[in-house]
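Below: one structure, written as structure tokens.
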Amino acid sequence: MKARYQYRFYPTDQQRLSLAQLFGCVRVVWNDALALCKSADKLPNYNQLSALLTSSKKTESRVWLNEVSSVPLQQSLRHLATAYKNFFDSHNGKRKGGKVAAPKFKKKTNNQSAEFAKSGFSLKKTQVSLAKIGLVSPIRSRELPSKPSSVTVIKDCANRYFLSFVVDVEPQNLEAINPSIGIDLGLKTFATLSDGTQVKIPDYSKSERKIRKLQRRLARQQKDSKRRHKTRIQIAKLHNQVTDTRKDFLHKLSTKIVNENQVIVLEDLNVSGLVKNRRLARAISSQGWREFRELCEAKSDKFSREFRVISRWEPTSQVCSKCDYRWGKLDLKVRTITCLSCGTTHDRDENAAKNINKVGIGHCHDSKRTQRGRKTTSVADPKEASRITALLGR
Numbered sequence: 026m027k028a029r030y031q032y033r034f035y036p037t038d039q040q041r042l043s044l045a046q047l048f049g050c051v052r053v054v055w056n057d058a059l060a061l062c063k064s065a066d067k068l069p070n071y072n073q074l075s076a077l078l079t080s081s082k083k084t085e086s087r088v089w090l091n092e093v094s095s096v097p098l099q100q101s102l103r104h105l106a107t108a109y110k111n112f113f114d115s116h117n118g119k120r121k122g123g124k125v126a127a128p129k130f131k132k133k134t135n136n137q138s139a140e141f142a143k144s145g146f147s148l149k150k151t152q153v154s155l156a157k158i159g160l161v162s163p164i165r166s167r168e169l170p171s172k173p174s175s176v177t178v179i180k181d182c183a184n185r186y187f188l189s190f191v192v193d194v195e196p197q198n199l200e201a202i203n204p205s206i207g208i209d210l211g212l213k214t215f216a217t218l219s220d221g222t223q224v225k226i227p228d229y230s231k232s233e234r235k236i237r238k239l240q241r242r243l244a245r246q247q248k249d250s251k252r253r254h255k256t257r258i259q260i261a262k263l264h265n266q267v268t269d270t271r272k273d274f275l276h277k278l279s280t281k282i283v284n285e286n287q288v289i290v291l292e293d294l295n296v297s298g299l300v301k302n303r304r305l306a307r308a309i310s311s312q313g314w315r316e317f318r319e320l321c322e323a324k325s326d327k328f329s330r331e332f333r334v335i336s337r338w339e340p341t342s343q344v345c346s347k348c349d350y351r352w353g354k355l356d357l358k359v360r361t362i363t364c365l366s367c368g369t370t371h372d373r374d375e376n377a378a379k380n381i382n383k384v385g386i387g388h389c390h391d392s393k394r395t396q397r398g399r400k401t402t403s404v405a406d407p408k409e410a411s412r413i414t415a416l417l418g419r
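In structure tokens, the structure reads:
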């Protein structure tokens, strides 16, 4: 299986100029090819785009493309062809997941990247030699498990430089402590596990307040001014700080869960629908539910675990995890439920996590229906308020 290893590096002043020229050429090649694809009656393939790139290098307006390595330019065209393939496959039903947007033009202020294939780079002990760039020294926190097949040079919005290697890794067989675990994702508590463990999310409020303050300042500053550029870099650094904190939290949590459990069960959440709630959109977007799911799935393959996702329509919050009695929908402010059948008191999230685990390992919800003679309401029956305890907070 393939994996990515990313390291930060600090280029010299000359290498910064060479990388800026390389990123600019990659961006121009992408934008030229995308403009051609949008105006053409029939979408050109990679070979046709590559031939047009070769001919454009001979023209006076694009002769400076010869000053950089041709490998990242060709890789840019391959990525464009792949992006269009994913776009059409997602709309034709040939690709799993949601619909993929059409390729967009690249901007100078966004993240910049250039990929080198095997012919464009070489490893020399602790350094990496990039074609027409020179030797760069990444700060290695760990060694590469195998020889990389490609390396991508990345410059983010905060002017940080990274090398991203694609390598082959072998699945590892580790003995699991628990047979299975169900995970219920939430807002105030990021994850509640079926064993009762609750995981709190890091506090991003301080950084987010600074970001909002700087964004108001950015809106008042003149475009293309030096002060506006300086403010934009400050905002990008704060965004990276939040992103790095979230990524570190998700990596550590997913690694711990995958190491300890043989079967990991998650619920298929409709995140795109949930963010339409304007009161919760910011909180939901900052959680990283999708990234956590992808990390658990990738690490399950790496450590020979089984990853399962249950349907979003399973009534995990409406069923007693002990006796399978179904009490119906409850308001979000109801955090503790006392079952009307067996009398067991449940924490709402822990009960949902246990039901997720039961459904994930093969138990179906053949639950006993409530004997009310009518449809389930959106909240609990007021007559049963004494049996249901509502805690403050969401």
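Each step along the sequence shown adds one to the number in the working numbering, with nothing skipped, and position 292 is 317.
Heads up, the beta-carbon is just placed ideally off N, CA and C, and yes, glycines get one too.
Mapping the DSSP letters down to three states, classify residue i as helix, strand or coil.
{"i": "residue 331", "result": "strand"}
{"i": "residue 204", "result": "strand"}
{"i": "residue 176", "result": "strand"}
{"i": "residue 247", "result": "coil"}
{"i": "residue 129", "result": "coil"}
{"i": "residue 27", "result": "strand"}
{"i": "residue 269", "result": "helix"}
{"i": "residue 365", "result": "coil"}
{"i": "residue 42", "result": "helix"}
{"i": "residue 275", "result": "helix"}
{"i": "residue 370", "result": "strand"}
{"i": "residue 349", "result": "coil"}
{"i": "residue 360", "result": "coil"}
{"i": "residue 252", "result": "helix"}
{"i": "residue 210", "result": "strand"}
{"i": "residue 87", "result": "coil"}
{"i": "residue 259", "result": "helix"}
{"i": "residue 35", "result": "coil"}
{"i": "residue 73", "result": "helix"}
{"i": "residue 343", "result": "coil"}
Span of the beta strand (DSSP E) holding residue i?
{"i": "residue 66", "result": "Unbroken run through residue 66: none, as it is neither H nor E."}
{"i": "residue 164", "result": "No beta strand (DSSP E) holds residue 164; DSSP gives it neither H nor E."}
{"i": "residue 148", "result": "146-149"}
{"i": "residue 158", "result": "From DSSP, residue 158 is part of no beta strand (DSSP E); its letter is neither H nor E."}
{"i": "residue 214", "result": "214-218"}
{"i": "residue 141", "result": "137-141"}
{"i": "residue 192", "result": "186-193"}
{"i": "residue 296", "result": "First-last for residue 296: 296-299, but that is the alpha helix (DSSP H), not the beta strand (DSSP E)."}
{"i": "residue 223", "result": "223-225"}
{"i": "residue 288", "result": "286-292"}
Alpha carbons only, please: which of the options is nearest the one belonging to residue i?
{"i": "residue 37", "options": "160, 51, 206", "result": "160"}
{"i": "residue 191", "options": "371, 303, 32", "result": "32"}
{"i": "residue 316", "options": "215, 346, 337, 363", "result": "215"}
{"i": "residue 167", "options": "50, 29, 279", "result": "29"}
{"i": "residue 107", "options": "87, 88, 92, 72", "result": "72"}
{"i": "residue 228", "options": "312, 59, 119", "result": "312"}
{"i": "residue 58", "options": "104, 148, 343, 193", "result": "104"}
{"i": "residue 133", "options": "113, 162, 180", "result": "180"}
{"i": "residue 185", "options": "239, 123, 231, 262", "result": "262"}
{"i": "residue 172", "options": "195, 81, 148", "result": "148"}
{"i": "residue 13", "options": "382, 273, 371, 280", "result": "As displayed, the chain neither begins before 26 nor continues past 419, which places residue 13 out of reach and without an answer."}
{"i": "residue 88", "options": "239, 69, 50, 67", "result": "50"}
{"i": "residue 307", "options": "55, 212, 155, 83", "result": "212"}
{"i": "residue 354", "options": "332, 109, 377", "result": "377"}
{"i": "residue 223", "options": "282, 182, 195", "result": "282"}
{"i": "residue 196", "options": "305, 135, 170, 123", "result": "170"}
Please classify residue i: is it buried, with 16 or more other beta-carbons within 10 angstroms of its beta-carbon, or exposed?
{"i": "residue 374", "result": "buried"}
{"i": "residue 397", "result": "For residue 397, the pLDDT reaches just 39, beneath the cut-off of 50, and the residue's location in the model is therefore unreliable, although a value from the coordinates is still provided. The residue in question, residue 397, is exposed, as its Cβ has fewer than 16 Cβ neighbours within 10 Å."}
{"i": "residue 379", "result": "buried"}
{"i": "residue 394", "result": "Confidence in residue 394 is poor, its pLDDT being 40 and thus under 50, which makes the residue's placement unreliable; the coordinate value appears in the next sentence. When all chains shown are included, residue 394 counts as exposed."}
{"i": "residue 258", "result": "exposed"}
{"i": "residue 368", "result": "exposed"}
{"i": "residue 203", "result": "exposed"}
{"i": "residue 342", "result": "buried"}
{"i": "residue 35", "result": "exposed"}
{"i": "residue 338", "result": "exposed"}
{"i": "residue 39", "result": "exposed"}
{"i": "residue 43", "result": "buried"}
Check for me: the alpha helix (DSSP H) holding residue i runs from which residue to which?
{"i": "residue 375", "result": "373-385"}
{"i": "residue 306", "result": "306-310"}
{"i": "residue 107", "result": "95-117"}
Is any heavy atom in the ligand MG found nearer than 7 Å to the beta carbon of residue i?
{"i": "residue 311", "result": "As far as ligands go, the structure on display features none, and thus does not contain the ligand MG."}
Since residue i and residue j should fall inside the 8 Å C-beta cutoff, what is the C-beta to C-beta distance between them, to a whole number of angstroms?
{"i": "residue 288", "j": "residue 205", "result": "4 Å"}
{"i": "residue 292", "j": "residue 220", "result": "In fact, because the Cβ distance is near 17 Å, the residues do not count as touching under 8 Å."}
{"i": "residue 320", "j": "residue 309", "result": "The pair is not a contact, with the Cβ atoms about 18 Å apart (cut-off 8 Å)."}
{"i": "residue 422", "j": "residue 177", "result": "Here the chain covers residues 26 to 419 and nothing more, so residue 422 does not appear."}
{"i": "residue 266", "j": "residue 256", "result": "Wrong, their Cβ atoms sit about 16 Å apart, outside the cutoff."}
{"i": "residue 285", "j": "residue 201", "result": "6 Å"}
{"i": "residue 193", "j": "residue 327", "result": "Actually they are not in contact, since the Cβ atoms of residue 193 and residue 327 sit about 12 Å apart, beyond 8 Å."}
{"i": "residue 45", "j": "residue 96", "result": "That pair is no contact at about 18 Å."}
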